[in-house]
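Peer 1: Protein chains in written order, with the UniProt record's numbering: chain A, 1 to 275; chain B, 1 to 313. We treat Cβ as the ideally placed atom computed from N, Cα and C, and that holds for glycine. Following this message is one structure expressed as structure tokens.
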Amino acid sequence: MNRPNASTRISAYTALVVVAIISLVPLVWVLLQSLRTSNATSLDPFAFEWPPVVRNYATAWNQAHFSQYLLNSAVVAVGTIALVLAVAFPAAYALTVLKLRLSSPVFYTFLLGLMIPVWSVVIPLFFQLRNMGLINTRLGAVLVETALGIPFAIFLLRASLRDLPYELIEAARIDGAGDLRTLWSIVRPLLSPALQAVVILQFMTSWNELVVPLFFLQTDDVRTLPIGLTFFQGRFTTDTSVLAAGTTLAALPVLIIYVILNRQFIQGLTAGATK
Amino acid sequence: MSASTSLERPTVLAPPGTAPDRRRHRDGRAGVLGYWLVLPAATIYAVFTLWPIVQTAYLSFTDWNGLSPAKSFVAFDNYRELAGDRRFFSALLHNLEWVAGSWLAQGFGLLLAALLSASWIRARTFFRTVFFVPATMSLVVVGIAWNQIYRPDTGVLAATLEAAGLPSAGWLSDQHTAMPAVIATANWTYYGFAMVILLGGLQSIDRSLYEAAAVDGAGAVRQFVHITLPGIRNQITLLVVLSFINTLKTFDLVYIMTNGGPGRATEVVAYYIYSLAFVTHQVGYGAAAAVVLTLIILAITIVFLRLRERSER
Chain A
1 MNRPNASTRI SAYTALVVVA IISLVPLVWV LLQSLRTSNA TSLDPFAFEW PPVVRNYATA
61 WNQAHFSQYL LNSAVVAVGT IALVLAVAFP AAYALTVLKL RLSSPVFYTF LLGLMIPVWS
121 VVIPLFFQLR NMGLINTRLG AVLVETALGI PFAIFLLRAS LRDLPYELIE AARIDGAGDL
181 RTLWSIVRPL LSPALQAVVI LQFMTSWNEL VVPLFFLQTD DVRTLPIGLT FFQGRFTTDT
241 SVLAAGTTLA ALPVLIIYVI LNRQFIQGLT AGATK
Chain B
1 MSASTSLERP TVLAPPGTAP DRRRHRDGRA GVLGYWLVLP AATIYAVFTL WPIVQTAYLS
61 FTDWNGLSPA KSFVAFDNYR ELAGDRRFFS ALLHNLEWVA GSWLAQGFGL LLAALLSASW
121 IRARTFFRTV FFVPATMSLV VVGIAWNQIY RPDTGVLAAT LEAAGLPSAG WLSDQHTAMP
181 AVIATANWTY YGFAMVILLG GLQSIDRSLY EAAAVDGAGA VRQFVHITLP GIRNQITLLV
241 VLSFINTLKT FDLVYIMTNG GPGRATEVVA YYIYSLAFVT HQVGYGAAAA VVLTLIILAI
301 TIVFLRLRER SER
């Protein structure tokens, strides 16, 4: 398994570069398309254009309420992340460390949520949220997405809690720390990689979520970015350049966060996979 | 909401004389606190997941259009109708094509992971980061981007094929190519994800095992079969289970790219449920289809987890 010969290495790198191109070209092509006029694109889908047309971005931004959608997406994602952390962490701690008598059945009931498709909750939830006055409110979407996120968060946190050195918790108790104190001052810092993983994965799920906002956020003032973009697609099917600009605008926030935090993204996923 | 109330029940005290387990927390005050810690999560989960499922199960026994106040109870009629519903089975078949497609992407992900885990590869982090980019994108963005790529007039794929002298199909408007085109888009977002999961497993395998095997004269293939595959068994099981769970639930790309068409060539179960409950207002029937979908996912997951438990013994 040491250094193989040159031709093996060259073909390996060639393969990797080709896959890298496949991974990026669709996005790059949309980006390039957004910097041209629709007419030019229909004449020749490949060509570049200089100077680039920036007007498409202004049209997309102004006509599509992008700032409102961005704000809504951010509010729903941040709200969901905060609520998931606030409820799933104590629950996972209690179910794993405190060894309650009902730990096991309660944990498996939560785990069931990993297998439940949103389709088996969405129909009655629609009527339920309407009765609760939560339809077309960002709070309603936050609560539903939190409920859908809790199972995985508890699953992930439990795996890390089980690896925690129990002696530390015992020592804190002997020193007179209460359970809540132990939870906050001892367990929380020790668990911070797993908590970070929950934050990242929940951000990705919530930011990209389509079904929940499709049903529960149906007015323009509360729509999130993905759902706004679907309406945008309907309105600009013929104006491909503006559509491409809108698509690029919608892709950028998550791409920027991914480039900054890609190590945490990957660690979060692998932590979920190995435990 | 019955689930949350049952959680409030205080713990039963351990019978006197039982030796306190070091790992089991003392019952009483702390036990009650434990349930208080679980309560918020349990309440949200019960109100917004468990209770709606019970409701869906109930609705599946009714004939309801979602509007009229009266729901007529029809017992198993919806399920009986579903058993003879060709459209449902055709949608399910499309889901299974999707599952098979995702296995191709997983195999591809395994190849990439194996390549990237070779000790002499440089820029590993760079390639891993790039391959995972499509997986971070919202499926709405992905679907719209690929819609543009597949377009016959301005799409880059048609233009490429034309330049190569090949016929440029309207990929998404042709009955025969629409499903493969959508699945290809799904797999574009998936191989990087599979690779990241498998790479995590590969990197946790003890290198000295390979050295020992090489000393014993085992070749690359035997090393792969006897060291690599067992070493990433957990990740493989996870990916296989996830591919079933997620592809059976799949909806976003179909909704964005084809609306189930042309004809019903790309209709999947989730899309069928959506159009039953929210387009044609057959809420009871849609609920029955949702219940069946859930049961299929549960059954497949349980079978896989059992098989995995057995293989670990």
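So I150 of chain A contacts chain B; which residues on that side make the cut at Cβ distance below 7 Å?
Peer 2: The sequence position of residue 150 of chain A within the first sequence is 150, counting from 1. Result: A41, I44 and Y45.
Peer 1: If you draw a straight line from the alpha carbon of L161 of chain B to that of V19 of chain A, how long is it in whole angstroms?
Peer 2: Here residue 161 of chain B refers to the residue found at position 161 of the second sequence. Here residue 19 of chain A refers to the residue found at position 19 of the first sequence. Approximately 19 Å between the Cα atoms of the pair.
Peer 1: For W61 of chain A and T258 of chain B, what's the separation of their Cα atoms in angstroms?
Peer 2: Within the first sequence, residue 61 of chain A is the residue found at index 61, counting from 1. Within the second sequence, residue 258 of chain B is the residue found at index 258, counting from 1. Approximately 26 Å between the Cα atoms of the pair.
Peer 1: Listing by chain order, which chain B residues have their CB less than 8 Å from the CB of L243 of chain A?
Peer 2: Locating residue 243 of chain A in the first sequence gives position 243, where the first residue counts as 1. Per Cβ cutoff of 8 Å: I144 and Q148.
Peer 1: List the residues of chain A that V140 of chain B touches, going by C-beta distances under 7 Å, in chain order.
Peer 2: In the second sequence, the residue the question calls residue 140 of chain B occupies position 140. L210, P226, L229 and T230, listed in chain order.
Peer 1: With DSSP run on the structure shown, which of helix, strand or coil describes F66 of chain A?
Peer 2: Position 66 of the first sequence, counted from the first residue, corresponds to residue 66 of chain A. In this structure, F66 of chain A counts as helix in the three-state DSSP scheme.
Peer 1: Nearest-angstrom Cα distance between V225 of chain B and G219 of chain B?
Peer 2: Locating residue 225 of chain B in the second sequence gives position 225, where the first residue counts as 1. Locating residue 219 of chain B in the second sequence gives position 219, where the first residue counts as 1. Approximately 10 Å between the Cα atoms of the pair.
Peer 1: Can you tell me the Cα-Cα spacing of Y285 of chain B and L209 of chain B, whole angstroms?
Peer 2: Here residue 285 of chain B refers to the residue found at position 285 of the second sequence. Here residue 209 of chain B refers to the residue found at position 209 of the second sequence. Approximately 56 Å, taken between the alpha carbons.
Peer 1: Please list the segments of the alpha helix (DSSP H) lying wholly inside the stretch 198 to 224 of chain B, counting only runs of 4 or more residues, in order along the chain.
Peer 2: With a minimum length of 4 residues, the continuous alpha helix (DSSP H) runs that stay inside the stretch 198 to 224 of chain B are 207 to 215 and 220 to 223.
Peer 1: What is the rounded straight-line gap between the Cα of R101 of chain A and the Cα of V32 of chain B?
Peer 2: Reading the first sequence from its first residue, position 101 is the one you call residue 101 of chain A. Reading the second sequence from its first residue, position 32 is the one you call residue 32 of chain B. Cα to Cα, R101 of chain A sits roughly 11 Å from V32 of chain B.
Peer 1: Within 10 angstroms of its Cβ, does S138 of chain B collect 16 or more other Cβ (buried), or is it exposed?
Peer 2: Translated into the one-based positions of the second sequence, residue 138 of chain B becomes position 138. So S138 of chain B ends up on the buried side.
Peer 1: Less than 9 Å separating the beta-carbons of A141 of chain A and L201 of chain A?
Peer 2: For this step, residue 141 of chain A is matched to residue 141 along the first sequence. For this step, residue 201 of chain A is matched to residue 201 along the first sequence. No; because the gap between Cβ atoms is not below 9 Å, this pair is not in contact.
Peer 1: Applying a beta-carbon distance threshold of less than 9 Å, which residues of chain A neighbour Y285 of chain B?
Peer 2: The sequence position of residue 285 of chain B within the second sequence is 285, counting from 1. Chain A residues near Y285 of chain B: none, gap ~11 Å exceeds 9 Å.
Peer 1: Return helix, strand or coil for D175 of chain A, following the three-state DSSP convention.
Peer 2: Numbered from its first residue, the first sequence carries residue 175 of chain A at position 175. D175 of chain A falls in the coil class under three-state DSSP.
Peer 1: Would you mind sorting F48 of chain B into buried or exposed? The rule is 16 or more other CB atoms within 10 Å of its CB.
Peer 2: For this step, residue 48 of chain B is matched to residue 48 along the second sequence. Buried is the call here.
Peer 1: By Cβ distance below 6 Å, which residues in the same chain neighbour Y191 of chain B in space, the five residues on each side in sequence not counted?
Peer 2: Here residue 191 of chain B refers to the residue found at position 191 when the second sequence is read from its first residue. Cβ within range, chain order: A105, F108 and G109.
Peer 1: Is it the case that the Cβ atoms of W98 of chain B and A186 of chain B are separated by a distance below 9 Å?
Peer 2: The sequence position of residue 98 of chain B within the second sequence is 98, counting from 1. The sequence position of residue 186 of chain B within the second sequence is 186, counting from 1. Yes.
Peer 1: Hey, could you find the ends of the alpha helix (DSSP H) K249 of chain B is sitting in?
Peer 2: One-based indexing of the second sequence puts residue 249 of chain B at position 249. Looking at the DSSP string, the run of the alpha helix (DSSP H) that includes K249 of chain B is R233 to K249.
Peer 1: Any C-beta of chain A within less than 9 Å: which residues of the stretch 256 to 285 of chain B qualify?
Peer 2: Flagged, chain order: I256, V269, A270, I273, Y274, A277, F278 and V283.
Peer 1: Hey, would you say A287 of chain B sits closer than 9 Å to S68 of chain B, going by beta carbons?
Peer 2: Counted from its first residue, the second sequence places residue 287 of chain B at position 287. Counted from its first residue, the second sequence places residue 68 of chain B at position 68. For A287 of chain B and S68 of chain B, no; Cβs fall outside 9 Å.
Peer 1: Can you name the residues of chain A whose CB is closer than 9 Å to the CB of I121 of chain B?
Peer 2: Along the second sequence, read from residue 1 onward, the residue named residue 121 of chain B stands at position 121. The answer, in chain order, is R9, A12, Y13 and L16.
Peer 1: Below 8 Å, can you find three or more Cβ-Cβ pairs linking the stretch 219 to 230 of chain A to the stretch 139 to 149 of chain B?
Peer 2: Counting Cβ pairs under 8 Å, three or more are found: they touch.
Peer 1: For the candidate residues A:W207, A:E170 and A:L164, whose alpha-carbon lies nearest to that of S192 of chain A?
Peer 2: For the purposes of this step, residue 192 of chain A is identified with residue 192 of the first sequence, where counting begins at 1. Cα-wise, what sits closest to S192 of chain A is A:L164.
Peer 1: Report the CB separation of V283 of chain B from A277 of chain B in whole angstroms; it is logged as a contact under 8 Å.
Peer 2: For the purposes of this step, residue 283 of chain B is taken as residue 283 along the second sequence, with counting starting at 1. For the purposes of this step, residue 277 of chain B is taken as residue 277 along the second sequence, with counting starting at 1. Rounded, the Cβ-Cβ distance is 5 Å, consistent with contact.
Peer 1: Label D252 of chain B either buried or exposed according to how many other C-beta atoms from any shown protein chain fall within 10 Å of its C-beta, with 16 as the threshold for buried.
Peer 2: For the purposes of this step, residue 252 of chain B is identified with residue 252 of the second sequence, where counting begins at 1. By the 10 Å Cβ count, D252 of chain B comes out buried.
Peer 1: How about G113 of chain A: is its C-beta nearer than 9 Å to some C-beta of chain B?
Peer 2: Within the first sequence, the letter at position 113 stands for residue 113 of chain A. Taking Cβ atoms only, chain B reaches closer than 9 Å to G113 of chain A, which makes this a yes.
Peer 1: Since I believe L199 of chain B is in contact with L116 of chain B (beta carbons under 8 Å), could you give me their beta-carbon distance rounded to a whole number of angstroms?
Peer 2: Here residue 116 of chain B corresponds to residue number 116 of the second sequence, with the count starting at 1. Here residue 199 of chain B corresponds to residue number 199 of the second sequence, with the count starting at 1. Yes, L116 of chain B and L199 of chain B are in contact; Cβ-Cβ is about 6 Å, under 8 Å.
Peer 1: Along the chain, where does the alpha helix (DSSP H) containing L98 of chain A start, and where does it finish?
Peer 2: Taking the first residue of the first sequence as 1, we reach residue 98 of chain A at position 98. Neither: L98 of chain A is in no alpha helix (DSSP H) and is coded neither H nor E.
Peer 1: Could you tell me whether any Cβ in chain B is nearer than 9 Å to the Cβ of P165 of chain A?
Peer 2: Taking the first residue of the first sequence as 1, we reach residue 165 of chain A at position 165. Not one chain B Cβ lies under 9 Å of P165 of chain A.
Peer 1: On the criterion of 16 or more Cβ atoms from any shown chain inside 10 Å, does R138 of chain A qualify as buried, or is it exposed?
Peer 2: Along the first sequence, read from residue 1 onward, the residue named residue 138 of chain A stands at position 138. R138 of chain A comes out buried.
Peer 1: When DSSP labels each residue in this structure, what does F61 of chain B get in the three-state scheme?
Peer 2: Here residue 61 of chain B is taken as the residue at index 61 of the second sequence, counted from 1. Correct three-state label for F61 of chain B: coil.
Peer 1: Residue 276 of chain A touches chain B at which residues, Cβ-Cβ below 9 Å?
Peer 2: Here chain A has residues from 1 to 275 only, and residue 276 of chain A is not among them.
Peer 1: Between the alpha carbons of P134 of chain B and P180 of chain B, how many angstroms are there, rounded?
Peer 2: Sequence index remark: in the second sequence, residue 134 of chain B carries index 134 (1-based). Sequence index remark: in the second sequence, residue 180 of chain B carries index 180 (1-based). Computed Cα separation, rounded: 18 Å.
Peer 1: Can you round the beta-carbon distance between I149 of chain B and W29 of chain A to whole angstroms, since I take them to be within the 8 Å contact cut?
Peer 2: Start at 1 with the first residue of the second sequence, and residue 149 of chain B comes out as number 149. Start at 1 with the first residue of the first sequence, and residue 29 of chain A comes out as number 29. The pair is a contact, with the Cβ atoms about 7 Å apart (cut-off 8 Å).
Peer 1: For S72 of chain B, does the three-state DSSP call read helix, strand or coil?
Peer 2: On the second sequence, residue 72 of chain B is found 72 positions in, with the first residue counted as 1. The answer is strand: DSSP assigns S72 of chain B an E or B state.
Peer 1: Would the beta-carbon of S203 of chain A fall within 9 Å of that of I81 of chain A?
Peer 2: The residue given as residue 203 of chain A occupies position 203 in the first sequence. The residue given as residue 81 of chain A occupies position 81 in the first sequence. Note that residue 203 of chain A corresponds to Phe in the displayed sequence, not to Ser. Going by C-beta atoms, F203 of chain A is nearer than 9 Å to I81 of chain A.
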